[in-house]
Amino acid sequence: WAERTSLLGDLAIQASLIGPDGYMQTTTTGYTGAPLYLGDREHFQAQADVRADELFISKPVVGRASGKLSIQLSRHLRQPDGSFGGVIVASIDPGFVEQFHHSMKLGDNSAITVRGLDGVIRAFHGFSNPNFDKKTVPKVLSDALARAPEGYVWGSGAIDGINRLVFYRVVAGYPLLVTISETESH
Numbered sequence: 507w508a509e510r511t512s513l514l515g516d517l518a519i520q521a522s523l524i525g526p527d528g529y530m531q532t533t534t535t536g537y538t539g540a541p542l543y544l545g546d547r548e549h550f551q552a553q554a555d556v557r558a559d560e561l562f563i564s565k566p567v568v569g570r571a572s573g574k575l576s577i578q579l580s581r582h583l584r585q586p587d588g589s590f591g592g593v594i595v596a597s598i599d600p601g602f603v604e605q606f607h608h609s610m611k612l613g614d615n616s617a618i619t620v621r622g623l624d625g626v627i628r629a630f631h632g633f634s635n636p637n638f639d640k641k642t643v644p645k646v647l648s649d650a651l652a653r654a655p656e657g658y659v660w661g662s663g664a665i666d667g668i669n670r671l672v673f674y675r676v677v678a679g680y681p682l683l684v685t686i687s688e689t690e691s692h
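Each residue of the sequence shown is one higher than the one before, starting from 507 at the first, in the numbering used here.
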C-alpha cells in the first residue's frame with residue numbers, strides 16, 4: 507500500500523484507511539503502535555453519515571499517526587451491500603502554499619491563502635498566523651464573491667495594516683477559495 511502513495515506526490519504526508527468502527531486499519535506512515543482510534547476526528551465524522559459521495563477537506567490538524575500538521579482529504583467507502591465501509595484519507599502538507607508563493611516570485615508582504623467556503627483557512631503563506639478556527643471571510647471579499655466566483659478587490663489591511671490587491675477564485679468543483687494578495691507598493 508505504501509508504494510501506491512507515491513501517486514499522491516510530494517505533498518502527501520500519508521494515506522490511511524479507517525474502518526467503519528473508527529479505527530485505522532492501515533497507513534503509509536509505518537505506524538506500529540496500539541490500535542489508533544480516529545472515529546472522533548472531523549474528517550471521519552463528516553463521512554460517516556453522508557449519502558452523497560463528496561470530498562471533505564479539513565482545517566489543518568496534527569495527525570495522530572504522522573504527528574505532522576496536515577489537511578485531511580477524506581471520502582467515504584461503501585460495503586457491497588451499500589452500508590458504510592469506512593473512510594479513506596489523504597493527509598496533505600499545508601506548506602504547499604509556501605512552495606507555490608516562492609515559485610511565483612511575489613513581492614514582499616504578498617500573501618496566498620486557501621480557505622474553505624465556510625471561511626476557515628486551510629493553508630496560507632505571507633500573513634502572520636491566522637486563526638484556523640475562525641469561520642469568516644472578510645466582508646469586502648464576501649461581497650465580491652456574492653457578485654462573481656472570481657475577480658479582485660482591494661484589501662484594507664485588516665490583518666496587518668498593509669493594503670493589498672487581492673485576486674480571488676473559487677476552485678471549480680471544490681468548496682475552496684484561493685486568494686493571491688499583492689501590496690500596492692510592489
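For glycine and all other residues, C-beta sits at the position ideal for the given N, C-alpha and C.
Since the structure is predicted, the reported quantities are computational estimates derived from the model, not experimental observations.
(1) Nearest to Gly632 by alpha carbon, out of Tyr658, Glu560, Glu604?
(2) Smallest Cα separation from Ile742: which of Leu671, Thr619, Gly545, Ala540?
(3) Of the residues Arg584, Leu682, Ser522, Gly528, which one's Cα is nearest the Cα of Gly625?
(4) In the structure shown, what three-state DSSP assignment does Glu688 receive?
(5) Relative to the C-alpha of Met530, which candidate in Gln585, Gly592, Leu579 has its C-alpha closest?
(6) For Gln520, which three-state DSSP category applies?
(7) Do three or more CB pairs link the stretch 562-579 to the stretch 518-532 at distances below 8 Å?
(8) Can you tell which of Val677, Ala678, Lys645, Gly661 has the C-alpha that lies nearest to the C-alpha of Arg670?
(9) On a Cα-Cα basis, can you pick out the residue from Leu583, Lys611, His549 that is closest to Ser597?
(10) Report buried or exposed for Val672, applying the criterion of at least 16 other Cβ atoms within 10 angstroms of its Cβ.
(11) Going by beta carbon distance, what residues of the same chain come within less than 7 Å of Arg570, once the five residues before and after it are set aside?
(12) Nearest CA to the CA of Ser687: which residue from Ser648, Ser616, Arg557, Arg581?
(13) Give the secondary structure of Phe673 by DSSP, where H, G and I count as helix, E and B as strand, and everything else as coil.
(14) Does Ala652 come out as helix, strand or coil in the three-state DSSP assignment?
(15) Could you check whether Val620 and Phe630 sit closer than 9 Å to each other, using their CB atoms as the reference points?
(16) Please report the straight-line C-alpha distance between Gly679 and Ala652, rounded to a whole angstrom.
(17) Between which residues of its own chain and Val677 is the CB-CB distance below 8 Å, once the five residues before and five after are set aside?
Taking the geometry as given:
(1) On the sequence shown, residue 632 is found 126 positions in, with the first residue counted as 1. Here the closest residue by C-alpha is Glu604.
(2) A query on residue 742 cannot be resolved here, the shown segment of the chain reaching from 507 to 692 and no further.
(3) Mapped onto the sequence shown, residue 625 falls at position 119. The shortest Cα separation from Gly625 among Arg584, Leu682, Ser522, Gly528 belongs to Leu682.
(4) By one-based count along the sequence shown, residue 688 stands at place 182. If DSSP states are grouped into helix, strand and coil, Glu688 belongs with the strands.
(5) Stepping through the sequence shown from its first residue, residue 530 is reached at position 24. Closest option to Met530, judged by alpha-carbon separation, among Gln585, Gly592, Leu579: Gly592.
(6) For the purposes of this step, residue 520 is identified with residue 14 of the sequence shown, where counting begins at 1. Of the three classes helix, strand and coil, the one that applies to Gln520 here is strand, per DSSP.
(7) The stretch 562-579 vs the stretch 518-532: in contact.
(8) To locate residue 670, count along the sequence shown from 1; it is residue 164. Nearest of Val677, Ala678, Lys645, Gly661 to Arg670, Cα basis: Gly661.
(9) Within the sequence shown, the letter at position 91 stands for residue 597. With distances taken between CA atoms, Ser597 lies nearest to His549 out of Leu583, Lys611, His549.
(10) On the sequence shown, residue 672 is found 166 positions in, with the first residue counted as 1. By the neighbour-count definition (other C-beta atoms within 10 Å, threshold 16), Val672 is a buried residue.
(11) As a working mapping, residue 570 is identified with position 64 in the sequence shown. Around Arg570: Leu542, Leu544.
(12) Walking along the sequence shown from the start, residue 687 turns up at place 181. Nearest to Ser687 by alpha-carbon distance, out of Ser648, Ser616, Arg557, Arg581, is Ser616.
(13) For the purposes of this step, residue 673 is identified with residue 167 of the sequence shown, where counting begins at 1. In the three-state reduction of the DSSP assignment, Phe673 falls in the strand class.
(14) Residue mapping note: residue 652 aligns to position 146 of the sequence shown, counting from 1. Note: Ala652 maps to helix in three-state DSSP.
(15) The residue labelled residue 630 in the question sits at position 124 within the sequence shown. The residue labelled residue 620 in the question sits at position 114 within the sequence shown. Yes. Within cutoff.
(16) Your numbering for residue 679 matches position 173 in the sequence shown. Your numbering for residue 652 matches position 146 in the sequence shown. Taking the straight line joining both Cα atoms gives about 17 Å.
(17) In the sequence shown, residue 677 corresponds to position 171, counting from 1. So the list reads Leu683, Val684, once near-sequence residues are dropped.
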